[in-house]
Structures are given as C-alpha cells and as structure tokens.
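Chemist: Here's a structure for you.
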Amino acid sequence: MPLDELARRIAAHGLCSAQFAAVKSIPDFESDAGRVSPGLATHVREAFRAEGVSIAVLGCYINLGTPDDADARFQMGRFKEYLRHARDFGCGMVATETGSVRADFAFHPENHGEAAFQRVLSRVRELVREAEKFGVFVAVEGVASYVVNNPRRIKRLIDEVESNNLQIIFDPVNLVNADNHKDQDAIIEESFALFGERIAAFHAKDFVITPEGEYKQVAAGTAGGLLNYPLFFKLAKQHKPWAYVLLEDTNPETLARTVAFAREAWERA
C-alpha cells in the first residue's frame, strides 16, 4: 500500500517502530541492485516519521549459504546497497538470516556442516567490512534449519568475525523445532549468556506443536502458543532495556491481539 497509509496503520496500533523491507512495502519496487538512493530512503523515512514511527531494522534477507557464488555476489550487492543508505532511512542496521545450501532456503543436512559455516563466515565478514565504512550494523538472525542454527554457532560467528559492527537479532522461536522445543528454556538462557551483549533487536512470535507432531510458527498471543514468554522477556528486559521488539507472523486481522498480548507479557516479565 502507499507508504503514508502503511505508516498510519502502524501508528494506529500505538506502535512506534517497524522492520522495513522495501520489496515488501513499496508498491512495484523491484529488488534489483541499484534501485536504492538517498532520495528514496529519505522519502520512506519521512513518510514514517510523519506518523511517529521509526524504522528499527532494514530487512534484506538473503541466502548467504548458497554455493552459487554468482548468485551470492548479486544478493550481497543488494545488501551492501542497504548498508550504504541505512542512515538515510534513519536506521542503523540491516538484517538477514544465514540461509541454506539450497536455493529455495529449505533445510539440507549440509547446512550444519563446516563447509557451509565457512562460506557464510566469509560472506558475513565481507558485509561487516562494508558496514564498518558507514557506521552501521549487519544484524544476523539464527534459524534452526539454516547454517547458523544454534546459540553456539551464533557465538562462533561473532568471535570469528571480530567486529562490533556485527550484531544479532534474537528470535527464540527460530532456534527451536519439533525435536528440541522442550529444551527452549536452556536455548534462551544459553543465548543470553553467550551473546546477550550483541543483541540489537528482538523478534517476537510463538509456536505450536500440532497433534500430528508438526512444529508451526504463529503470532504471539495465539491460543496454545508454547514459547516461554516470561523467561524470554525477563531476560530481554535485564540485558537490553528499551530494545526494539518486533512482531512477526501476524497480520492486520491479528495485530491488535498480538500487540495487547506482547505489551502485557512485557509488563509482567
């Protein structure tokens, strides 16, 4: 929808910030590298600012795990473009997950191998070097099925990149699945212990396990949601007060309920 209308709808729910992905939010915007300019970024920033909404994170989710070097070059070119213009958007970080060896981002056993990790490490290092030039952050998000898939791998990535311009978006739901969800408390606690100081923003959603044993991500506040929000938000408030908490897996129909749930959970934590 038009940016001013999008900003008005966000503000109408009392929300003060958003994660912004241009290809999902600007009508007819193409994802080709070279489309972003200071003028475009300023236009977006001012449309949101007029409604009292800031852009917390620029979303440019690319597949850093692909073995296709030509494809990786193209995708990283788009990411670098967002890094160069992040400040024009009024934003300090550009976010991505680490992706898969498969082009469709689906799980592959090689995702959790050393070769895939080294490929992602090399590419994250390159993106972080670009971020350092412009005083912004590369924000990486771990996902259980992708290359950087657990708290220890996130910590290893941080240690081996060796730059404060690498930060983390922490989404505990992304790190659990049908096999390990009963260990969620340990995963959450380990995450804050290993890299709590590097968390730049949080994603908030939930998950359910269906009667058939299937793991499914859902909006925060969904009936039957299993995420331990008291623990998650307690540690979030302790480690990162006033950090951005960005809602995922919601839509205009569920947003009011999701916002109410998240606010109450935060106050209770």
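Residue numbers (my numbering): 1 to 269.
Beta carbons: idealized from backbone N, C-alpha and C, even for Gly.
(1) Can you check DSSP and say which residues form a bridge with residue 216?
(2) Is DSSP giving residue 61 helix, strand or coil here?
(3) Relative to the C-alpha of residue 61, which candidate in 50, 69, 97 has its C-alpha closest?
(4) Once DSSP output is grouped into helix, strand and coil, what is the label at residue 23?
(5) At which residue ranges does the stretch 31-103 contain complete beta strand (DSSP E) runs of 3 or more residues, listed in the order of the chain?
(6) Taking only three categories from DSSP, how would you classify residue 141?
(7) Taking its Cβ as the centre, do 16 or more other Cβ atoms sit within 10 Å of residue 69, making it buried, or is it exposed?
(8) Below 8 Å on the Cβ atoms is my guess for residue 111 versus residue 146; work out the distance and round it to an integer in Å.
(9) Are three or more beta carbon pairs between the stretch 181-191 and the stretch 119-134 nearer than 8 Å?
(10) Just list the residues that DSSP pairs residue 120 with in beta bridges.
(11) Can you have a look at residue 251 and say buried or exposed, based on whether 16 or more other CB atoms are within 10 angstroms of its CB?
(12) Within the continuous alpha helix (DSSP H) that includes residue 259, where are the two ends?
(13) Whether or not the stretch 191-201 and the stretch 221-231 are in contact is what I'm after, with contact meaning three or more pairs of Cβ atoms, one per stretch, closer than 8 Å; do they touch?
(14) Suppose you measure from the CA of residue 3 to the CA of residue 190; what does that come to, to the nearest Å?
(15) Take residue 31 and list the residues in its own chain whose beta-carbon comes closer than 7 Å to its own, dropping the five residues that flank it on each side.
(16) Do residue 208 and residue 221 come within 8 Å of each other at the CB atom, strictly closer than that value?
(17) What separation, rounded to the nearest whole angstrom, lies between the Cα atoms of residue 176 and residue 144?
Modeler: So, from the listed chains and residues:
(1) The count along the sequence shown starts at 1 and reaches residue 216 at position 216. Looking at the DSSP assignment, residue 216 forms a beta bridge with 208.
(2) Along the sequence shown, read from residue 1 onward, the residue named residue 61 stands at position 61. Residue 61 falls in the coil class under three-state DSSP.
(3) Reading the sequence shown from its first residue, position 61 is the one you call residue 61. For the residues 50, 69, 97, the minimum Cα distance to residue 61 belongs to 97.
(4) Residue 23 sits at position 23 when you count from the first residue of the sequence shown. For residue 23, the secondary structure class from DSSP, reduced to helix, strand or coil, is helix.
(5) Fully enclosed beta strand (DSSP E) runs of 3 or longer: 54-59, 93-97.
(6) Start at 1 with the first residue of the sequence shown, and residue 141 comes out as number 141. Residue 141: strand per DSSP, three-state reduction.
(7) The sequence position of residue 69 within the sequence shown is 69, counting from 1. Exposed, by the Cβ-count rule.
(8) Indexing the sequence shown from 1 puts residue 111 at position 111. Indexing the sequence shown from 1 puts residue 146 at position 146. Contact between residue 111 and residue 146 holds: their C-beta atoms lie close to 6 Å from each other, under 8 Å.
(9) No: fewer than three Cβ pairs fall under 8 Å.
(10) What you label residue 120 is simply residue 120 of the sequence shown in a count that begins at 1. BP columns for residue 120 are empty, so no partner.
(11) In the sequence shown, the residue the question calls residue 251 occupies position 251. Exposed is the call here.
(12) Within the sequence shown, the letter at position 259 stands for residue 259. It spans 255-268 - the alpha helix (DSSP H) in which residue 259 sits, taken as one unbroken run.
(13) No, the stretch 221-231 does not touch the stretch 191-201.
(14) By 1-based counting over the sequence shown, the position of residue 3 is 3. By 1-based counting over the sequence shown, the position of residue 190 is 190. Cα-Cα distance, rounded: 39 Å.
(15) Start at 1 with the first residue of the sequence shown, and residue 31 comes out as number 31. Result list for residue 31: 23, 78, in chain order.
(16) Sequence index remark: in the sequence shown, residue 221 carries index 221 (1-based). Sequence index remark: in the sequence shown, residue 208 carries index 208 (1-based). No, the pair does not count as a contact, with Cβ atoms beyond the cut-off.
(17) The residue labelled residue 176 in the question sits at position 176 within the sequence shown. The residue labelled residue 144 in the question sits at position 144 within the sequence shown. About 6 Å.
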